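If you're matching them up, the sequences are chains F and R in order.
Positions 433 to 578 (this note's numbering) are the ones given, in order, by the first sequence.
Positions 33 to 106 (this note's numbering) are the ones given, in order, by the second sequence.
Worksheet: one structure, shown below.
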Amino acid sequence: MKSLNMSFEEKSTWVSLAIIIFVFIGYFSQVYEGLISGNLDKAAVMGLFIGAVVSIIVLEIVLHTVIAVLSVKDAGQSTDERDRLFSMRAGNISGWVLGIGVLIIAAYTTMHDLESVWIANLLLFAVLVSQVVSYTLQIFYYRRGY
Amino acid sequence: MKPAISNNIRKLRFENDEMTQQALADAVGVTRQTVFAIEKGKYSPSLEVAFKIAETFGVTLDKVFQYEGGKQSR
Numbered sequence: 433m434k435s436l437n438m439s440f441e442e443k444s445t446w447v448s449l450a451i452i453i454f455v456f457i458g459y460f461s462q463v464y465e466g467l468i469s470g471n472l473d474k475a476a477v478m479g480l481f482i483g484a485v486v487s488i489i490v491l492e493i494v495l496h497t498v499i500a501v502l503s504v505k506d507a508g509q510s511t512d513e514r515d516r517l518f519s520m521r522a523g524n525i526s527g528w529v530l531g532i533g534v535l536i537i538a539a540y541t542t543m544h545d546l547e548s549v550w551i552a553n554l555l556l557f558a559v560l561v562s563q564v565v566s567y568t569l570q571i572f573y574y575r576r577g578y
Numbered sequence: 033m034k035p036a037i038s039n040n041i042r043k044l045r046f047e048n049d050e051m052t053q054q055a056l057a058d059a060v061g062v063t064r065q066t067v068f069a070i071e072k073g074k075y076s077p078s079l080e081v082a083f084k085i086a087e088t089f090g091v092t093l094d095k096v097f098q099y100e101g102g103k104q105s106r
């Protein structure tokens, strides 16, 4: 990672992106399987969701500790103006992604009769897509340099 | 758009006891990777950071940064 000249914030962004994709591919694939098989109820979905949240927390702690140990000097640095700029730029765009996603879901749910658990999962999906967009954009800005 | 500002930071670092990028970064309050990006002309620092860099080297701002105006590239 040193040869790629990554700051700790960039490494952290890569880690968070990988975690969120990994955990929620697992979550949504299990939800989908349950939906298809008809074996999924609200309690089961809640269990999967709590499991996903706990997984994210544990993986974030473990993997950020690993990258901090591997790059001790960089880990001690606080975020600087470039980190904050990239975060704000990415957040500006991902905010639009989230807004459009929520509008689409709102339109869809007014036309179809869905249980609240599925509306919640659609909204969760929109939040995740916007977060993936945010992390991806931040990485793009870091690699491009500006 | 790639910044239209070039700089002499690398040269100034060597002229100042071969200051490292990390030392300059610590002096102005940014990361080493940001100093690297500034030297490569990929990132334009804020005015405050630009002035801090000039102050660190003990020179005026125009001795550190040069605006390339119409020559900027996309």
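Even for Gly, the Cβ is constructed at its ideal location relative to N, Cα and C.
Computed from a predicted model, the values in this text were never measured in an experiment.
Where lysine 34 (chain R) meets chain F, residues with beta-carbon distance less than 7 Å: Tyr578
Would DSSP call glutamine 563 (chain F) helix, strand or coil? Three-state result, glutamine 563 (chain F): helix.
List the endpoints of the continuous beta strand (DSSP E) containing tyrosine 99 (chain R). 97-99
For tyrosine 75 (chain R) and tyrosine 578 (chain F), which I take to be in contact (beta-carbon distance under 8 Å), what is that distance rounded to the nearest angstrom? 5 Å
According to a CB-to-CB cut-off of less than 7 Å, which residues of the region 513-528 of chain F neighbour chain R? Glu513, Arg514
Identify the residues that DSSP records as bridge partners of asparagine 39 (chain R): which are they? Answer by DSSP bridge pairing, in chain order: R:Phe97.
Within the 9 Å Cβ cut-off, does phenylalanine 572 (chain F) reach chain R? no
Nearest chain F C-beta to alanine 69 (chain R) closer than 9 Å, yes or no? yes
Alpha carbon to alpha carbon, how far is isoleucine 493 (chain F) from aspartate 58 (chain R)? Give it in angstroms, no decimals. 27 Å
If I'm right that isoleucine 456 (chain F) touches alanine 484 (chain F) with Cβ under 8 Å, what's the distance once you round it to whole angstroms? Note on identity: in this sequence residue 456 (chain F) is phenylalanine, with isoleucine being the wrong assignment. Indeed they touch by this definition, with Cβ atoms about 6 Å apart.
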